[in-house]
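Protein chains in written order, with the working numbering: chain U, 370 to 908; chain A, 538 to 1188; chain W, 5 to 103.
For glycine and all other residues, C-beta sits at the position ideal for the given N, C-alpha and C.
Report on the structure given below.
Shown next as structure tokens:
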């Protein structure tokens, strides 16, 4: 926003307005995704209904793939910036975006999650030729209108442009270089997700409830985030992360404004990453939302919000590290323990995965306590690696959830999953691999990611966090193993679970995520290199 | 204990070992792990849906063949290692770089040296025999294929553990054997006690794993590497306190895996698993992983007197503790499990003596692997003939009906009590001697343990094979089929001749490059100690003879017994202590565990009524389903956060 | 210019909004309370802009208004659809998802 700032408000002659200088090539991935979203809206308006769903899929897939290619090109062309720490790339678009190493890696990661999400959204073979989304969200559940709409095979193909908007928001969030941009990005990523949560075809009451809870709580927490921004602005006089950083390290006075502002910004971000005590929405929303949306949201939101959090707290508030670090430590500890213990008490698969997502937020916060520079594992690279490994496993796990069904749609009670190993060994093995990755068993991506965040934290002197982290993962492992035993050894109830035969779309998602999870465990080298190469944030 | 000069000497000896790159035969050592791993994968995943498919009919043969093939590779490697120059007996083969972060990298490598070679032979050799035995023992189990898959998985994981050149890779194997052990203890899931035992083993082991994980973290933080060899080199430059901390953390890990006090309680319950599992995992191999860890980390323990003393104390306490429990149990497998704890206590004690004892720890570990596997399989054979009854009070006079089992069991018996000439005699004798040479009290504990061992093993022997028939009416004892007795015979033979390893100090010399060596002079000639040991053993055995062979054995355990017996029957209140120390504070946690057991897994049939379990109540108060509660949580959290940050400033 | 009274008012409005979210049952009212919180932020933005003598804060206020408008669109859609189903806009009625 500094570009907009006018030198003086009164008394100076108006200077001619400079045209903003934007390097479109550098931000092309973002533009492509938002373009695909807008195009999706037009498709909704102009393409006949019969072709709409397919066209939307095509637009979304082409958009994501094109943006991915653009991201790779942008990433390859980043200049190395030598400073106190090595970085790549830097601010662009008048300083409002920072296209640096971590941002580009996060873009690629989000686009990968986005592609998997779109593939899950497009699945139509599971529910008798209909997608997982309701025919018409405006009709009350169980009404004649709803049945009519179902009969006509009306579909909400708007989910694709909504997903693209959310994806664009996530990418923006991870690369925004000023606080106001971050707020806008936060809303752009959240608003479509609120809507998508309420669109489930089955169990619509729960779905609507989830949407309302997510919306009200999300809006509530982003108000805190915004108020925090206002205070930090009051302290520093600017929204730019670089300017705030300068103010933090040089300015005297106004500390209270800064501290309160940091705390409130932290609240908004911790809500998005689902850290205790701002986690309460997570299980409810994960359970109520249509499973493909849950998959996309679990992986994408967490990734975008974590990178944004690291960026704000390392770049802008890096100088005040010892003011916020204790709070982050405390929250990390509570979150890990709570997530691990609470997941033990769950009987619903989706809720269990939600609590595991909470626990993972805790582990990621441990990573945040690590070193910001050095030739070992830095916080940023550890967290980036963790996000890829976690996101892939989470999407895969939810993809498996979409396949285990009974007459009423997905069956998510854990007891009903007993004997899945007999019914569909491949699926059960895939789910086991995801669970083992969540648990951090060696040879899965989860192990390397836990190792790297713990190593980063230990290097950064946060060994108590590592101790708690190891304890919490030990606790959690126990439960994951119980679920594995349930899948393979417990006698099935009644007829046991039925596994729907999906189209290649869902199969490919499961296959890709399994492959990623194992490759990251056995041969993590390339990705570790990449996240190291990404270097630090550049402001 | 040891003098400072000898410490330095020993440490520098480790530094002398320079691993050479693998070539020729050694470049195929990865097959050791790969063969059982692939076989496990085929057995567990392949042909999943089809009951009575070809894998169900021949899967056990595949599993056994995999174990034997691995053994053959192990023998070839061992022979090749014998042919190597002494300086080139530590062979390492890098398979691929597992992870590389900055200056830190972990290589998936095979590290094959004198110590690994012995373990490989023990694991694959005894493992193969137990696979063969299991073909008979599990013949009628419908899930035989899965059982052999798990056994193969265990063999593969255990080999990863002993062939690891990096602590992180070792950790991989460590977790792997834990997983396999969990799955095998709970193999008969329908038995509730088996499921509970598996869970308990898993939880207690987690405590130990915590120690190992933190130890590895500490190595990484201090030295920037987790390579075992490099840690050994680096630790010599580190401060005393780092070495002590590492030693204690690794010891915690070892205690968990090896069922040493205070993490001993799971082993007795683990006997719920099928008997071949008890023999392979909970007697011969996995439970000795802790000893392996200590010996492998010799470089660390050499530098810390405190850590070594802790190991000695743990060893002494456990060896008496286990022996005590062994005296009081009527369940034949539990009596043997108590004895396993006790014997591993001996190994720990020896390992804690430093370079003077490492080789003897390994020596006893190997002979124990032979005779204890032998006795467990013998017990399995007895149970097989007694309709799976495990209560020794219901046995008696079986020697006529099960001659082969009796004779092989007797060989194991003579070996474990240390009858002169049998393998246990040599290995235990060495440990007691070096214990006396280092510290009188440790030696005394070991000596006392030998006497008690003789007592309770004689009791087991008498109750089972001698005396009156006390069988239930529908039991018709019979000798087991050949497929089960042949492994018994082989193991019995090994129990007899295993002591030959120490002839002309072969095993000491063989292991010296890995562990260093050191000799402490006793105040008296060695034969005096030997004589005393034999005398103490004789007293223990005679006492048991007087108490159990001369009197009638009541059919149910008498209740009017001494405090000692009562304590022994209650596992010396291990569970009570666990409960007070670990469980009470975490009662919320345990309740929810029970709750999940009740509803999530077994009780989903009984509906959601049980949903309101105690464990969930706390959670329920938070997760009410009301938006406004959640908003209040956010608001409260925000308030606390703001005030906390401001407080930092105001303070 | 002293900023304290303005900031005080803004904090008061924010607190009223937050408390409103906690105590009101009607989803629409809850949502209005959130909007009140956003407006409290706006007041802070313009106050600080004035204090710092730059326009950033004032621009921010416009951004926030646009975002708030978008939020209204989404929020009302969700609330109306749930009202159609349940004939109630009470947030306490929607509590099927729990534990």
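Where residue 691 of chain A is concerned, there is no enclosing beta strand (DSSP E), although the alpha helix (DSSP H) around it starts and stops at 681 to 700. Annotation for residue 599 of chain A: 576, 579, 580, 592, 685 place their beta carbon closer than 8 Å to its own, counting only its chain and skipping 5 residues before and after.
At least 8 Å separates the beta-carbon of residue 753 of chain U from that of residue 701 of chain U.
By the 16-neighbour rule on beta-carbons within 10 angstroms, residue 530 of chain U is buried. With a 10 Å radius around the Cβ and a threshold of 16 neighbouring Cβ atoms, residue 636 of chain A comes out buried. Between the alpha carbons of residue 867 of chain U and residue 778 of chain U lies a gap of roughly 10 Å.
Burial state of residue 622 of chain A is exposed, judged by a 10 Å Cβ sphere holding fewer than 16 other Cβ atoms.
For the C-beta of residue 708 of chain A, the chain U residues within less than 8 Å are, from N- to C-terminus, 811. Cβ contact annotation for residue 969 of chain A (same chain, cutoff 8 Å, sequence separation greater than five): 980, 983, 984, 987, 1066, 1070, in chain order. If you draw a straight line from the Cα of residue 426 of chain U to the Cα of residue 440 of chain U, it is about 21 Å long. Secondary structure within the segment 569 to 643 of chain A: the beta strand (DSSP E) runs of 3 or more consecutive residues, fully enclosed, are 628 to 638 (chain order).
Residue range 456 to 461 is occupied by the beta strand (DSSP E) that includes residue 460 of chain U, with no alpha helix (DSSP H) assigned at that position. Ranking U/526, U/446, U/450 by CA distance to the CA of residue 492 of chain U puts U/526 first. Taking 8 Å as the upper bound for CB-CB distance, residue 614 of chain U and residue 685 of chain U are in contact here, some 5 Å apart.
With contacts defined as CB atoms closer than 8 Å, residue 664 of chain U and residue 763 of chain U qualify as a contacting pair. Contact annotation: residue 18 of chain W and residue 602 of chain U have beta-carbon atoms that are not nearer than 8 Å.
In the DSSP annotation of this structure, the continuous segment of the beta strand (DSSP E) that includes residue 467 of chain U starts and ends at 466 to 469. Contact with chain A is found for residue 26 of chain W, since one of that chain's Cβ atoms lies less than 8 Å from the residue's Cβ. Beta bridge pairing from DSSP links residue 30 of chain W with W/94. The way I'd put it, the segment 934 to 954 of chain A doesn't touch the segment 832 to 848 of chain A; fewer than three beta-carbon pairs between them come closer than 8 Å.
Under the 10 Å beta carbon count, residue 778 of chain A is surrounded by fewer than 16 other beta carbons and is classified as exposed.
Exclusion of the five residues before and after residue 483 of chain U leaves 433, 536 as the residues of its chain whose Cβ lies within less than 6 Å of its Cβ. Partner residues in a beta bridge of residue 1061 of chain A, as assigned by DSSP, do not exist. Of all C-beta pairs linking the segment 567 to 582 of chain U to the segment 636 to 645 of chain U, fewer than three are shorter than 8 Å, placing the two stretches out of contact. Restricting attention to A/1038, A/813, A/933, the CA atom closest to the CA of residue 1000 of chain A is found in A/933. Between residue 1081 of chain A and residue 818 of chain U, the alpha-carbon positions lie close to 56 Å from each other. The secondary-structure analysis by DSSP pairs residue 668 of chain A with nothing; it has no beta-bridge partner. For the pair residue 649 of chain A and residue 701 of chain A, the CB atoms are not nearer than the 8 Å cut-off. Nearest in C-alpha terms to residue 72 of chain W, of all of U/490, U/521, U/522, U/559, is U/559. Around the C-beta of residue 712 of chain A, 16 or more other C-beta atoms lie within 10 Å, and the residue is accordingly described as buried. Check the Cα spacing between residue 6 of chain W and each of W/70, W/54, W/47: the tightest is with W/54. Counting only runs of 4 or more residues that sit fully inside the segment 817 to 863 of chain A, the alpha helix (DSSP H) segments are 826 to 833, 835 to 840, in chain order. Judged by DSSP in its simplified three-state form, residue 508 of chain U adopts coil rather than helix or strand.
In this structure, residue 858 of chain A sits near residue 878 of chain A, with a CB-CB distance shorter than 8 Å. Between the C-alpha atoms of residue 1039 of chain A and residue 1045 of chain A there is a straight-line separation of about 7 Å.
Residue environment for residue 689 of chain A: buried (at least 16 other C-beta atoms within 10 angstroms of its C-beta).
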